[in-house]
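Residue numbers (mature numbering (1 follows the signal peptide of the UniProt record, and there is no 0)): -24 to -1, 1 to 458.
The structure appears below as structure tokens.
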């Protein structure tokens, strides 16, 4: 009886298996290339005229660019925490960068927050991170325990670029018995938990390791990959190769020239990565996402033109990022997506493309934007995107809903902009549309009720100020004094 039943069901079971197999074969590789402190106007596809990025521009021309893409926070650590968790970092106490000591005081993004890497890994993806981590440095927060099979890079928030300089400096300090005080920017990089001696300019070394990962992934014919390529360029220290700076003889400003060289090195690396994808026959089934973690710093050579503000600010220049999606025959070529999207959206979007099960207990603040991207419609019509950065005694805040944006960067004055018509935030419309302002401020105040107390502060004095000033003082932040 059982044998007969099995024979009758066999064709159906085989058909079902073929459906699942086809679905698995169609799952894309996902490659996220994130830069550090790249200005909004510092790539060709976003309007740069003095810095040339031909390889990124080629991806943009054959893919879709985003006119209104936002990070969840205006500086490094919280921005990356939001991307990896799909949640506002304020909700789990990660509003500040981790402490500056090399081991970050044993702190990190709470392990209760399942990273997108873990979700993809559990769905059968081969996962890797190359470059900057900045989400926790002790064992429980290490990339290997957050869903990554491979890790090459550094765990803290930055690194010097030339090994011929940082390696001897590290050895001198180590031999002098100052190991605990050695800055993280000098430490050896690591590969899967073991220190390695990098011999190339860091940006080139990271590009090389990304290629190595892609080559390894190419050998896994039935397994898609997720690679998070986190360049630390063009973050300080401002160190560029002479041959890269020589590409820009017309740039006379020294800071801008060094910065341009650092961006150019990233673009060269993107070329190597794309060539590796093509050589391993993975290019056509790879979704490539390119962006920056926050705005640039003009005093170090960056430009956020035409935006107002910079890294650290709740203004557009702090969180609005140049961004592109590229996937042949799946993402429209030569298009620009105008509606607001967030790095919070990566988690649900990637999971859906991968056919991955999101844990039932996992809370998400982002949207699956894939269908909206195909249709050209807004994935969050009538809904808010929020930004908050705490300062000494007050908080910079902003919120965007459709074409409207509210801003309070002084702690005591709200402004309202039609951000679609006024990308530079020049004309305050709060007096003409007071009801729009009040409604959006009230929405943002309710959002703030969900926040947790910070689990750490970047430097000790920030924690002192937080307590002395009785922060976060939301009763003042959301008081409209127009």
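Just so it is clear, CB atoms sit at the ideal spot from N, CA and C, and this is done for glycine as well.
These numbers were taken from a predicted model, which means no experiment stands behind them.
Checklist entry - Of all the beta strand (DSSP E) runs that stay within the bounds of the stretch 140 to 194, which reach a length of 3 or more residues? => result 165 to 167 and 170 to 172
Checklist entry - Are the stretch 357 to 373 and the stretch 417 to 427 in contact at 8 Å, needing three or more beta carbon pairs? => result yes
Item to check | Coil, strand or helix - residue 302 by DSSP | outcome: strand
Next on the checklist: I need the straight-line Cα distance from residue -4 to residue 197, nearest angstrom please.
Outcome noted: Low local confidence applies: a pLDDT of 36 at residue -4 is under 50, so the model's placement there is unreliable, with the coordinate-based value given in what follows. If you take the alpha carbons of residue -4 and residue 197, they lie about 13 Å apart.
Checklist entry - Exposed or buried, residue 218, counting other C-beta atoms within 10 Å across all chains shown (16 or more means buried)? => result exposed
Checklist entry - Straight-line CA distance for residue 63 to residue 113? => result 21 Å
Next on the checklist: Can you give me the C-alpha to C-alpha distance between residue 181 and residue 398, rounded to a whole angstrom?
Outcome noted: 41 Å
Item to check | Within 7 Å, strictly: CB atoms of residue 372 and residue 290 | outcome: yes
Next on the checklist: Between which residues of its own chain and residue 7 is the CB-CB distance below 6 Å, once the five residues before and five after are set aside?
Outcome noted: 203, 262 and 264
Checklist entry - If residue 47 sits next to residue 55, beta carbons under 8 Å apart, how far is it from one beta carbon to the other, in whole angstroms? => result 5 Å
Item to check | Buried versus exposed, by CB contacts within 10 Å (16 or more), residue 257 | outcome: exposed
Next on the checklist: Going by beta-carbon coordinates alone, are residue 293 and residue 284 separated by less than 7 Å?
Outcome noted: yes
Item to check | Buried/exposed call for residue 87, threshold 16 Cβ in 10 Å | outcome: exposed
Next on the checklist: To test your reading of the DSSP string, which unbroken beta strand (DSSP E) runs of 3 or more residues are found completely within the stretch 302 to 340?
Outcome noted: 311 to 313
Checklist entry - Should residue 345 go down as buried or exposed, given a rule of 16 or more other Cβ atoms within 10 Å for buried? => result buried
Checklist entry - For residue 244, which option in 337, 70, 187 and 200 has the closest C-alpha, if you only look at C-alpha atoms? => result 187
Checklist entry - What first and last residue would you give for the beta strand (DSSP E) that runs through residue 253? => result No beta strand (DSSP E) contains residue 253, which is instead part of the alpha helix (DSSP H) from 230 to 255.
Checklist entry - residue 392 lies in the beta strand (DSSP E); which residues open and close that run? => result 391 to 394
Checklist entry - Leaving out five residues before and five after residue 318 in sequence, what residues of the same chain have Cβ atoms less than 7 Å from its Cβ? => result 46, 48, 342 and 361
Checklist entry - Excluding the five sequence neighbours on either side, which residues of its own chain have a C-beta within less than 6 Å of the C-beta of residue 375, listed in chain order? => result 360, 362, 382, 416 and 420
Item to check | Length at least 3, wholly inside the stretch 377 to 455: the beta strand (DSSP E) runs in chain order | outcome: 380 to 384 and 391 to 394
Checklist entry - Is there contact here, the stretch 331 to 340 with the stretch 96 to 114, by at least three beta-carbon pairs under 8 Å? => result yes
Checklist entry - Three or more C-beta pairs closer than 8 Å, one from the stretch 226 to 239 and one from the stretch 160 to 177: is that the case here? => result no
Next on the checklist: Give me the residue from 266, 449 and 411 with the minimum Cα distance to residue 36.
Outcome noted: 266
Checklist entry - Is residue -2 buried or exposed, if buried means 16 or more other CB atoms sit within 10 Å of its CB? => result Its pLDDT being 42, under 50, residue -2 is placed unreliably by the model, and the measurement read from it follows with that caveat. So residue -2 counts as exposed.
Item to check | Straight-line gap, residue 40 to residue 312 (C-alpha atoms, nearest Å) | outcome: 5 Å
Checklist entry - Does DSSP put residue 11 in a helix, in a strand, or in coil? => result strand
Checklist entry - Per DSSP, residue 103 is paired with what? => result 202
Checklist entry - residue 159: which of 369, 167 and 143 sits nearest, CA to CA? => result 143
Item to check | Same chain, Cβ closer than 6 Å to residue 404, five either side skipped, listed in chain order | outcome: 391
Checklist entry - With distances taken from CA atoms, which of 400, 380 and 384 is nearest residue 412? => result 380
Item to check | In DSSP terms, what residue 459 is bridged to | outcome: Given that the chain is displayed from residue -24 to residue 458, the structure contains no residue 459 and the question cannot be resolved.
Checklist entry - Tell me, which residues are paired with residue 46 by DSSP? => result 296 and 318
Next on the checklist: Rounding to the nearest angstrom, what Cα-Cα distance links residue 227 and residue 241 in this structure?
Outcome noted: 16 Å
Item to check | Closer than 7 Å to chain B by CB, residue 200 | outcome: The chain inventory of the structure shown lacks chain B, comprising one protein chain alone.
Checklist entry - Between residue 184 and residue 195, which are expected to be in contact by the criterion C-beta below 8 Å, what is the C-beta distance as a whole number of angstroms? => result Between residue 195 and residue 184 the Cβ distance is about 18 Å, and since that is not below 8 Å, they are no contact.
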